[in-house]
Amino acid sequence: MFKAIISAEILQDAIKAMSAVVDEARFEIAPDGISARAVDPANAAMVSLELSRDAFILLEGTEGEIGIDLGRFVEILGMADKSSEIELELDPDTHKLNISMGGFSYTLSLLDPSTMRKAPVVPALDLPAEVTVSGGVFKRMIKAAEMVSDHMSVGVHDGVFFMEAVGDTDHVRLDLTGSDLISITPAEVRSLYSLDYLSDISKGVGGAGEITIHLGRDLPTIIQFELAGGECKVKYVLAPRIESD
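FYI, in numbering that gives the first Met the number 0 the residues of the sequence shown are 0 to 244.
Okay, structure coming up:
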């Protein structure tokens, strides 16, 4: 049994963040909230989502899990006005998810979670640098970098956070110092990442006011942010590109 009522804007933003890097996900349902963790087919990017009990207007049900086709779910949720409420209810007989919003009723066929791939456990990472920037700055830099290259260096040098893309003929770089950042824990770090994935992640950031980036030297990065006053937490882990000599 599972029934929930939630703000359309919160659910839309949460599922959009998940669908930025994966097409399907297994959602864990518990009395204290809903969570999900999934990895893309190439094992390059992982996303985790936590929706606390307080993110919901109503959350009832026993512990369990459901598998959802995120592309289809996003399409359905897109029909809802952001200011409206969405009601979700699991039909135990058909094992389908009934979705009600603004007079519309949908029935979403679910995926069998037992056949879905489990996201791997991420080992402890030594990521000494931590930078918090506005979501808008992050998205603008990704957009600028896409015009010149398919990869981007991200790091901290002499206390300055930088994002840099170098193409065959063009070059773009953004340097942010302490006064330009929301916060920084500096360390000498630099890693190279695929702009395809960073672009997808930037779309998942949505309306997040600020994002926190954890960095090491030639290591995966952790990019995380909160929505709905901290009741929705999203975290991406992105593997680095290996630079050729």
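We put the beta carbon where it would ideally sit given N, CA and C, even for glycine. Only a predicted model underlies this, so the values are computations on that prediction, with no experimental measurement involved.
Proximity of residue i and residue j at Cβ, strictly below 8 Å
i, j, result
"Val-20", "Asp-169", "no"
"Leu-180", "Ala-13", "no"
"Ala-43", "Tyr-235", "no"
"Arg-52", "Gly-66", "no"
"Ser-201", "Phe-137", "yes"
"Ala-128", "Thr-184", "yes"
"Leu-192", "Pro-239", "Correcting the residue identity first, residue 192 is Tyr in this sequence and not Leu. Going by C-beta atoms, Tyr-192 is nearer than 8 Å to Pro-239."
"Ile-56", "Ile-5", "yes"
"Leu-69", "Met-17", "yes"
"Ala-59", "Lys-2", "It is worth fixing the name first, because residue 59 is Glu in this sequence and not Ala. Yes, Cβ-Cβ distance for Glu-59 and Lys-2 is below 8 Å."
"Ser-257", "Arg-216", "Because the chain spans 0 through 244 in this model, residue 257 falls outside it and cannot be assessed."
Assigned secondary structure, residue i (DSSP; H/G/I helix, E/B strand, else coil)
i, result
"Leu-180", "coil"
"Asp-195", "helix"
"Met-0", "coil"
"Asp-244", "Note on Asp-244: pLDDT 47, under 50, position unreliable in the model; no value is reported."
"Lys-234", "strand"
"Gly-89", "The residue asked about is misnamed: residue 89 is Leu in this sequence, not Gly. If DSSP states are grouped into helix, strand and coil, Leu-89 belongs with the strands."
"Asp-174", "strand"
For residue j and residue i, the rounded distance between their alpha carbons
i, j, result
"Val-247", "Leu-194", "In the structure as shown, the chain starts at 0 and stops at 244, and residue 247 therefore has no counterpart that could be examined."
"Val-73", "Val-233", "17 Å"
"Gly-166", "Ile-9", "38 Å"
"Phe-161", "Phe-103", "47 Å"
"Arg-139", "Gly-228", "23 Å"
"Leu-48", "Ser-34", "5 Å"
"Ser-94", "Glu-163", "It should be pointed out that residue 94 corresponds to His in this sequence rather than to Ser. Looking at the two C-alpha atoms, the distance is approximately 48 Å."
"Ser-82", "Gly-206", "15 Å"
Whole-Å CB distance - residue i paired with residue j, under 8 Å assumed
i, j, result
"Thr-220", "Ile-210", "That pair is no contact at about 11 Å."
"Arg-25", "Met-115", "5 Å"
Worksheet entry | Segment contact flag, the stretch 142-158 with the stretch 91-107, C-beta cutoff 8 Å, min 3 pairs | no
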